[in-house]
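S.K.:
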Amino acid sequence: MSHHNDTITALATPTGVSALAVVRLSGPDAISIVSGMFRGKELGGEAGNTIHYGKLYEKDSVLDEVLVSLFRAPHSYTGEDSIEISCHGSPLIATGIIKALIRRGARPAQAGEFTRRAFLNGKLDLTQAEGVADLIHAENESARLTALNQIKGGFSKELAVLREQLISFVSLIELELDFSEEDVEFARRDVLKDMLRALLQKIEPLIDSFDRGNVIRNGVRTVIAGRPNAGKSTLLNALLNEERAIVSEIPGTTRDVIEDVVHMGGLTLRFMDTAGLRETDDPIEAIGVSRTKEQMKLASLILYLVDASNLDLQVVENEIKEAKAYKIPVLLIGSKADQAKVENLAWLESKGFVCISAKSGLNIELLKNRVVELFGDMTIRPGETVVTNARHYAGLRSTRDALQRAIEGLETKVSGDLLAQDLREALHHLGELTGTISSDDLLEQIFSRFCIGK
Ligand SMILES: Nc1nc2c(ncn2[C@@H]2O[C@H](COP(=O)(O)OP(=O)(O)OP(=O)(O)O)[C@@H](O)[C@H]2O)c(=O)[nH]1
Ligand SMILES: [Mg+2]
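According to the working numbering, the sequence shown holds residues 8 to 461 in order.
#1: Beta-carbon within less than 6 angstroms of residue 314's beta-carbon, same chain only, minus the 5 sequence neighbours each way: which residues are those?
#2: Measuring alpha carbon to alpha carbon, tell me which residue in 461, 424 and 444 is nearest residue 179.
#3: For residue 132, which option in 110, 291 and 165 has the closest C-alpha, if you only look at C-alpha atoms?
#4: What's the gap between the Cα of residue 307 and the Cα of residue 227?
#5: Between the Cα of residue 222 and those of 252, 270 and 241, spot the shortest distance and give me the residue it belongs to.
#6: Determine the DSSP secondary structure at residue 139, reduced to helix, strand or coil.
#7: Classify residue 35 as helix, strand or coil using the three-state DSSP reduction.
#8: So does residue 239 have its beta carbon nearer than 6 angstroms to some heavy atom of ligand 4?
#9: Which residue comes first and which comes last in the alpha helix (DSSP H) that contains residue 279?
#10: Do residue 262 and residue 295 have their CB atoms nearer than 7 angstroms?
#11: Secondary structure at residue 8, three-state DSSP: helix, strand or coil?
#12: With H, G and I counted as helix, E and B as strand and the rest as coil, what does DSSP make of residue 148?
#13: Is the beta carbon of residue 89 closer than 7 angstroms to that of residue 463?
#14: What residue range does the alpha helix (DSSP H) around residue 400 cover?
#15: Excluding the 5 residues flanking residue 29 on each side, which residues of the same chain have their C-beta closer than 6 angstroms to its C-beta?
#16: Between which two residues does the beta strand (DSSP E) holding residue 124 run?
#17: Nearest to residue 338 by alpha carbon, out of 309, 123 and 68?
#18: Classify residue 134 as helix, strand or coil using the three-state DSSP reduction.
#19: My output table needs one value for residue 53: the three-state DSSP class, helix, strand or coil.
#20: Quick check on residue 364: buried or exposed, where buried means 16 or more other Cβ atoms within 10 Å of its Cβ?
#21: From residue 159 to residue 135, what distance separates their C-alpha atoms?
#22: According to DSSP, simplified to helix, strand and coil, what is residue 305?
#23: Which residues mark the beginning and the end of the beta strand (DSSP E) in which residue 220 is found?
#24: Using 6 angstroms as the cut-off, classify the Cβ of residue 6 as near or not near the heavy atoms of ligand 1, replying yes or no.
#25: Could you tell me which of 416, 442 and 432 sits nearest to residue 197, measuring between CA atoms?
#26: Would residue 370 and residue 318 qualify as a contact pair, given that the criterion is a beta-carbon distance under 7 angstroms?
#27: Taking 6 angstroms as the cut-off, is the beta-carbon of residue 205 closer than that to any non-hydrogen atom of ligand 1?
#28: Helix, strand or coil: which one does DSSP assign to residue 457?
#29: Distance check for residue 59 and residue 463, CA to CA, integer angstroms please.
#30: Assuming the contact rule is C-beta atoms closer than 8 angstroms, residue 320 and residue 299 should be a hit. Round their C-beta distance to whole Å, please.
#31: In chain order, what residues of the same chain have a beta carbon less than 7 angstroms from the beta carbon of residue 12, not counting five sequence neighbours either side?
#32: In angstroms with no decimal places, state the Cα-to-Cα distance between residue 463 and residue 355.
#33: Spatial neighbours of residue 220 within its chain, please: CB distance less than 7 angstroms, with the 5 preceding and 5 following residues excluded, ordered by chain position.
#34: Could you give the distance in angstroms between the alpha-carbon of residue 372 and the alpha-carbon of residue 366?
#35: Reducing DSSP to helix, strand and coil, say where residue 229 ends up.
#36: Could you have a look at residue 421 and say whether DSSP puts it in helix, strand or coil?
Below you can see the structure in the form of structure tokens.
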């Protein structure tokens, strides 16, 4: 049953000139509003899941020749009566239609409001709704597949099973509490412990999948770092095949972080060119250097560059140590191989460096392959559940922590009260994930990520 008594409308396709545009409408008056301006047939009597050809009129002038798709509650995306008007893709026509719909009582939709209604009407749970947003923004095939799996409810199903098992235990413990004077144990502690351990075993892989999920969804954050003039910006440009960053022989050219995305081997790589690392009195350069260090901490991979044509072995040894201190995978790179001495290249290679020339293109393909290999096979099997969403990751971790507390409690034989409290907390976190338990703030946060019309 719908919770809403107003009817919302928005353009569901991008603004701009196109062959067609789709205007969407959802709510109790959706059909009657459109019916009042449609000539061709009487829409009010038509069945759901049907398409109708006709003309839309505003007073006596034709707005456009359109196809109207008609959906009846609850068999629509939102679960409400809904209409999709396919019109010609001129911004003037689409806004003209939207204005006319608003004059007849519809209201402009907010970002994500259609999907929010779908959630509130029970058509989707929260993780599925979030999957819709992810699907729209998916940048690669794996991201598309995980989002699709989420919409189909793969993740929700796994969570639902966990929740049901927990609920049955919490209810047994609560029952015990009701009979506390009689000192009975309905929930056998050893069985409970096994069950909680089994739950943990299901949650842990989901939590662990997030590193991979994060890479699938957001790409590998790859920071290009090194001393000034090492050739970082030249490398970025070579990787992107585009003159993206300024290159000059003056050390300290790059100040801001310059970011761009490359897709290779099914992987999205987010390359970040940074200010060269050095002590400096220049306050602006110093800000740049501190940004570099920030980015190195957040990275999934550091490409650390050393100028092979101008090599000081002692300095390089120190640089390797500094780069490895970030505890993030580092690929060591000797740059400007075209101008380097052969013995220097040999020394670098003995230390595990890949020697490249961004200028001539030498070993750039090899470098790309190394990066792809490092992150392994990111393609996912259809139906496989990978956690890609930071909110889900946080929720699963909180669930795990509460479960671990409950297990410890069982080992130290705490009272049923305390046990029930930890179990209820675990349940609460699981419920928040699927939206069984949700607050307006949470919904606001989630649905504001959508675009208007979705
Ligand atoms: N011969 C040769 N020169 C290169 C190569 N890569 C970069 N250079 C030169 O080295 C100088 C510095 O290059 P940049 O890419 O600006 O170096 P950077 O590391 O970004 O420097 P900062 O932004 O100042 O930290 C420029 O004059 C480049 O043309 C290369 O592969 N071979
Ligand atoms: Mg630079």
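Beta carbons are placed, not taken as given, at the ideal position from N, Cα and C, and that holds for glycine.
None of these values were measured; they are calculated from a predicted model.
M.R.: The short version:
#1: 237, 342 and 343
#2: 424
#3: 165
#4: 6 angstroms
#5: 270
#6: helix
#7: coil
#8: Looking at this structure, you won't find ligand 4 anywhere; what it does contain is ligand 1 and ligand 2.
#9: First-last for residue 279: 274-280, but that is the beta strand (DSSP E), not the alpha helix (DSSP H).
#10: yes
#11: Unreliable placement is indicated for residue 8, whose pLDDT of 47 sits below 50; the coordinate value is still reported in the next sentence. Residue 8 falls in the coil class under three-state DSSP.
#12: helix
#13: The displayed coordinates of the chain run from 8 to 461. Any statement about residue 463 would go beyond what the structure contains.
#14: 397-418
#15: 19, 20, 91 and 93
#16: Run containing residue 124: none in the beta strand (DSSP E); it sits in the alpha helix (DSSP H), 120-127.
#17: 309
#18: helix
#19: coil
#20: buried
#21: 7 angstroms
#22: helix
#23: That residue, residue 220, is in no beta strand (DSSP E); its alpha helix (DSSP H) goes 196-225.
#24: No information on residue 6 is available, as it lies outside the stretch 8 to 461 that the chain covers here.
#25: 416
#26: no
#27: no
#28: coil
#29: Residue 463 cannot be examined here, being either before or after the span of the chain that is shown, 8 to 461.
#30: Not quite, the Cβ-Cβ distance comes to about 24 angstroms (not below 8 angstroms), so this is no contact.
#31: 35
#32: With the chain represented from 8 up to 461, any question about residue 463 goes unanswered, as that position is not in the structure.
#33: 153, 393, 394 and 395
#34: 13 angstroms
#35: strand
#36: coil
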